[in-house]
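Residue numbers (the numbering used here), protein chains in the order written: chain A, 6 to 240; chain B, 95 to 368. Built from N, CA and C at the ideal position, the CB exists for glycine as well. Down below is the structure, laid out as structure tokens.
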Ligand SMILES: Nc1ncnc2c1ncn2[C@@H]1O[C@H](COP(=O)(O)OP(=O)(O)OP(=O)(O)O)[C@@H](O)[C@H]1O
Ligand SMILES: [Mg+2]
């Protein structure tokens with residue numbers, strides 16, 4: 006059984022449909038990239054997959070062994086108030102909150118995990134800094150580290166590399182690739198079509214609905230893919 | 095000076111006020127951080143008006159004041175949260191409607207029973223003479239519950255306060271924790287209301303956390319600082335009001351304002367230097 010199945014999903018805001026008739030499924034171990042032009046409904050679909058947004062019709066079905074707290078998530082925008090007092094360490098650690106369990110405190114293991122993720126993203130030095138005083142890219146890395154802490158089985162990333170410098174971007178794709186190899190299911194919205202085709206197994210091209218759904222290889226050879234990939238070439 | 099304070103605390107009513115006040119200040123300051131950051135401070139204010147209405151009604155109908163007021167305010171908290179979750183703009187006016195409505199009911203009820211005099215005054219502006227022994231026991235129990243629940247759910251409260259979307263996406267029951275915060279707040283408001291006054295209790299929620307946020311940059315230190323500031327301001331206010339014969343609630347609030355200004359200046363100076 007697939008981890009997540011969408012059946013005839015219609016999504017909209019206040020009666021205006023932005024994406025219709027979406028049916029596809031995410032299997033365990035998939036690396037899905039969701040691509041498409043601005044406003045095509047990618048983030049909306051992701052919010053529906055996360056059950057943050059209820060569909061106008063259709064349904065999102067989780068397999069029996071996927072629970073909400075197996076999920077890691079990085080939103081496209083995290084509206085953090087300008088004056089919120091929280092250290093980077095506190096933010097990252099909050100990805101480890103024992104959601105279902107009764108244990109109220111973080112374990113030593115949780116702290117180790119948070120430290121490791123910060124190390125991985127090169128923000129160990131910022132641990133005690135105030136989150137609101139970081140640069141945009143540094144904040145993005147902290148939120149990524151938090152998402153990695155939360156991800157048990159599946160990781161949802163909505164334009165994760167926005168604001169990251171090229172070096173970190175490359176490192177980041179490698180990191181995700183490694184996590185995928187170790188068995189993590191990845192669902193990523195990305196505008197970096199070349200990286201999407203290079204790293205991910207499957208591509209979902211959105212435009213108010215599904216324009217293309219298949220493997221990256223098939224996508225490259227499809228008409229939709231050829232146009233979209235071609236459109237991003239600089240030469 | 096020490097002797098005078100010793101004499102002061104030999105009065106039972108002052109001791110009771112001290113115990114209840116310190117506990118309520120502690121609860122209010124802990125919850126306040128979350129309420130202020132979630133932009134829920136208006137809910138605290140609304141709840142205190144509902145509390146006033148309920149306590150006046152309870153007196154008019156000869157009910158036990160606390161046993162009647164606590165459930166009423168808890169229900170109001172649940173309603174207010176629902177309303178403010180559903181729509182931001184309408185939520186604002188809905189809170190105003192509920193709180194002024196409750197105020198009106200309370201004034202009517204009180205004027206029918208006592209002829210609108212001292213009692214109303216003590217409800218609105220507080221009185222430290224109001225504490226009976228039972229109140230102290232009840233306050234102690236309830237505030238112990240509030241503090242324990244806050245500590246047990248501290249990590250989740252942080253997660254929900256910092257980023258509701260992430261918390262919801264990763265399986266934290268956001269609505270349940272929002273409800274927990276609202277319910278704990280309503281209990282705190284009722285406990286503190288009779289001493290601090292219905293019109294002043296919400297400042298106990300807002301000021302210490304704002305003060306702490308001026309200088310602290312970690313959530314944990316804000317919580318800690320807020321608790322310390324709140325308790326110390328209350329004790330200072332109680333002592334000063336005793337010697338200066340001023341109303342306790344108002345004195346505590348004025349001291350909180352003073353401390354806020356001092357902290358704001360300190361943070362200005364610190365950031366200027368860098
Ligand atoms: N909160 C909202 N209220 C109303 N309409 C919305 C809301 N959020 C998105 N929309 C609309 O839904 C459509 C899809 O938005 P969505 O955010 O899913 O696009 P996207 O594919 O993620 O775009 P981008 O690449 O810019 O992130 C857009 O036309 C947008 O105007
Ligand atoms: Mg988007």
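* What residue ranges within the region 169-224 of chain A form continuous alpha helix (DSSP H) runs of no fewer than 4 residues, ordered along the chain? -> 171-186, 198-204
* Asked: When every heavy atom of ligand 1 is checked, does at least one fall within less than 7 angstroms of the C-beta of residue 235 of chain B?
  -> Position 141 of the second chain holds residue 235 of chain B. No, the Cβ of residue 235 of chain B stays beyond 7 angstroms of every heavy atom of ligand 1.
* **Same chain only: Cβ atoms within 6 angstroms of residue 88 of chain A, ignoring 5 sequence neighbours per side** => For the purposes of this step, residue 88 of chain A is identified with residue 83 of the first chain, where counting begins at 1. No residues qualify anywhere along the chain.
* Asked: In terms of residues, what are the limits of the beta strand (DSSP E) holding residue 66 of chain A?
  -> Along the first chain, read from residue 1 onward, the residue named residue 66 of chain A stands at position 61. Per DSSP, residue 66 of chain A belongs to the beta strand (DSSP E) from 62-67.
* To do: Examine chain A for any beta-carbon lying closer than 8 angstroms to the beta-carbon of residue 48 of chain B, and answer yes or no.
  => There is no way to answer for residue 48 of chain B, as the model of chain B reaches only from 95 to 368.
* Is any heavy atom of ligand 1 found at a distance shorter than 7 angstroms from the C-beta of residue 187 of chain A? -> Here residue 187 of chain A refers to the residue found at position 182 when the first chain is read from its first residue. No - ligand 1 has no heavy atom lying nearer than 7 angstroms to the Cβ of residue 187 of chain A.
* Please find out if some non-hydrogen atom of ligand 1 comes closer than 7 angstroms to the beta-carbon of residue 218 of chain A. => Along the first chain, one-based indexing puts residue 218 of chain A at 213. Not so, every heavy atom of ligand 1 lies at least 7 angstroms from the Cβ.
* To do: Select from B:305, B:223, B:128 the residue whose C-alpha is nearest the C-alpha of residue 347 of chain B.
  => Taking the first residue of the second chain as position 1, residue 347 of chain B is located at position 253. Nearest option by C-alpha distance: B:305.
* Looking only at C-alpha atoms, which of A:205, A:56, A:126, A:47 sits nearest to residue 170 of chain A? -> Indexing the first chain from 1 puts residue 170 of chain A at position 165. Closest option to residue 170 of chain A, Cα to Cα, is A:126.
* If we count the other Cβ atoms within 10 Å of its Cβ and call it buried at 16 or more, is residue 237 of chain A buried or exposed? -> In the first chain, the residue the question calls residue 237 of chain A occupies position 232. With a pLDDT of 49 at residue 237 of chain A, under the threshold of 50, the predicted position of this residue should be treated as unreliable, though the coordinate-derived value follows. Result: exposed.
* To do: Can you give me, in chain order, the residues of the region 81-92 of chain A that have a beta carbon less than 9 angstroms from any beta carbon in chain B?
  => 83, 84, 85, 86, 88, 89, 90, 91, 92
* **Alpha-carbon to alpha-carbon, residue 124 of chain A and residue 175 of chain A** => As a first step, residue 175 of chain A must be located in the first chain, where it is residue number 170. As a first step, residue 124 of chain A must be located in the first chain, where it is residue number 119. Approximately 16 angstroms between the Cα atoms of the pair.
* To do: Could you list the residues in the region 36-66 of chain A with a C-beta less than 7 angstroms from some C-beta on chain B, going in chain order?
  => 55, 57
* To do: Please name the residues in the region 252-271 of chain B whose beta-carbon is closer than 7 angstroms to at least one beta-carbon of chain A, in chain order.
  => 252, 253, 256, 257, 259, 260, 262, 263, 264, 265, 266
* Asked: How about residue 130 of chain B and residue 356 of chain B: do their beta carbons lie closer than 8 angstroms?
  -> Taking the second chain and counting its residues from 1, one reaches residue 130 of chain B at position 36. Taking the second chain and counting its residues from 1, one reaches residue 356 of chain B at position 262. For residue 130 of chain B and residue 356 of chain B, no; Cβs fall outside 8 angstroms.
* Beta carbon proximity, residue 168 of chain A to chain B, threshold 8 angstroms -> Within the first chain, numbered from 1, the residue matching residue 168 of chain A stands at position 163. False, the Cβ-Cβ gap to chain B never drops below 8 angstroms.
* Do residue 225 of chain A and residue 215 of chain A have their C-beta atoms closer together than 8 angstroms? -> Position 220 of the first chain, counted from the first residue, corresponds to residue 225 of chain A. Position 210 of the first chain, counted from the first residue, corresponds to residue 215 of chain A. Not a contact, by the Cβ cut-off of 8 angstroms.
* Asked: Which word fits residue 250 of chain B, buried or exposed, when buried means at least 16 other C-beta atoms lie within 10 angstroms of its C-beta?
  -> One-based indexing of the second chain puts residue 250 of chain B at position 156. Buried: at least 16 other Cβ atoms inside 10 Å.
* Compute the distance between the beta-carbons of residue 154 of chain B and residue 207 of chain B, then report whether it is under 8 angstroms. => The residue labelled residue 154 of chain B in the question sits at position 60 within the second chain. The residue labelled residue 207 of chain B in the question sits at position 113 within the second chain. For residue 154 of chain B and residue 207 of chain B, yes; Cβs fall inside 8 angstroms.
* Residue nearest to residue 349 of chain B in terms of C-alpha spacing, selected from B:191, B:366, B:325 -> In the second chain, residue 349 of chain B corresponds to position 255, counting from 1. When only C-alpha atoms are compared, the closest one is B:325.
* **Test: residue 373 of chain B CB closer than 8 angstroms to a CB of chain A** => No statement about residue 373 of chain B is possible, as the shown extent of chain B runs from 95 to 368 and does not include it.
* Consult DSSP for residue 151 of chain A and reduce its assignment to one of helix, strand or coil. => On the first chain, residue 151 of chain A is found 146 positions in, with the first residue counted as 1. Correct three-state label for residue 151 of chain A: helix.
* Between the C-alpha atoms of residue 76 of chain A and residue 54 of chain A, what's the straight-line distance to the nearest angstrom? -> As a first step, residue 76 of chain A must be located in the first chain, where it is residue number 71. As a first step, residue 54 of chain A must be located in the first chain, where it is residue number 49. The alpha-carbon atoms of residue 76 of chain A and residue 54 of chain A are separated by roughly 11 angstroms.
* Under 7 angstroms from any heavy atom of ligand 2, does the C-beta of residue 309 of chain B make it? -> Residue 309 of chain B sits at position 215 when you count from the first residue of the second chain. It does not: the Cβ of residue 309 of chain B is nowhere closer than 7 angstroms to a heavy atom of ligand 2.
* To do: Classify residue 13 of chain A as helix, strand or coil using the three-state DSSP reduction.
  => Residue numbering aside, residue 13 of chain A sits at position 8 when the first chain is read from its first letter. Correct three-state label for residue 13 of chain A: strand.
* Using a cut-off of 7 angstroms between C-beta atoms, extract the partners of residue 274 of chain B located in chain A. => On the second chain, position 180 is the one that residue 274 of chain B refers to. Those do not exist, as residue 274 of chain B stays about 13 angstroms from chain A at its closest Cβ, beyond 7 angstroms.
* Asked: So what's residue 223 of chain B in DSSP terms, helix, strand or just coil?
  -> Within the second chain, numbered from 1, the residue matching residue 223 of chain B stands at position 129. Residue 223 of chain B falls in the helix class under three-state DSSP.
* Taking 8 angstroms as the CB-CB limit, is residue 72 of chain A close to chain B? -> Locating residue 72 of chain A in the first chain gives position 67, counting from the first residue. Output row for residue 72 of chain A: interface = yes.
* Can you grab the Cα-Cα spacing for the pair residue 242 of chain B / residue 98 of chain B, in whole Å? => Locating residue 242 of chain B in the second chain gives position 148, where the first residue counts as 1. Locating residue 98 of chain B in the second chain gives position 4, where the first residue counts as 1. When rounded, the distance between both Cα atoms is 35 angstroms.
* Taking the CB atoms as reference points, tell me whether residue 117 of chain B and residue 237 of chain B lie closer together than 8 angstroms. => Taking the second chain and counting its residues from 1, one reaches residue 117 of chain B at position 23. Taking the second chain and counting its residues from 1, one reaches residue 237 of chain B at position 143. Against a cut-off of 8 angstroms, the Cβ pair of residue 237 of chain B and residue 117 of chain B comes out as a contact.
* Could you work out which residue in B:120, B:105, B:140, B:100 is closest to residue 234 of chain B when comparing CA atoms only? => Working through the second chain from its first residue, we reach residue 234 of chain B at position 140. Minimum Cα distance to residue 234 of chain B is reached at B:120.
* residue 194 of chain A beta carbon near ligand 2 (any heavy atom closer than 7 angstroms) -> The residue given as residue 194 of chain A occupies position 189 in the first chain. Yes, since a heavy atom of ligand 2 falls inside the 7 angstroms radius drawn around the Cβ of residue 194 of chain A.
* When you check each C-beta in the region 302-333 of chain B against every C-beta of chain D, which residues fall closer than 9 angstroms? -> In the displayed structure, chain D is absent; the protein chains listed are A and B.
* residue 18 of chain A: beta carbon under 7 angstroms from a heavy atom of ligand 1? -> Here residue 18 of chain A refers to the residue found at position 13 when the first chain is read from its first residue. Yes.
* Asked: With a Cβ-Cβ cutoff of 8 angstroms, do residue 1 of chain A and residue 97 of chain A count as a contact?
  -> Summary: the structure shown does not reach residue 1 of chain A, with chain A confined to residues 6 through 240, and so no result is reported for it.
* Which residue from B:263, B:358, B:244 puts its Cα closest to that of residue 318 of chain B? -> The sequence position of residue 318 of chain B within the second chain is 224, counting from 1. Checking every option, the nearest Cα to that of residue 318 of chain B belongs to B:244.
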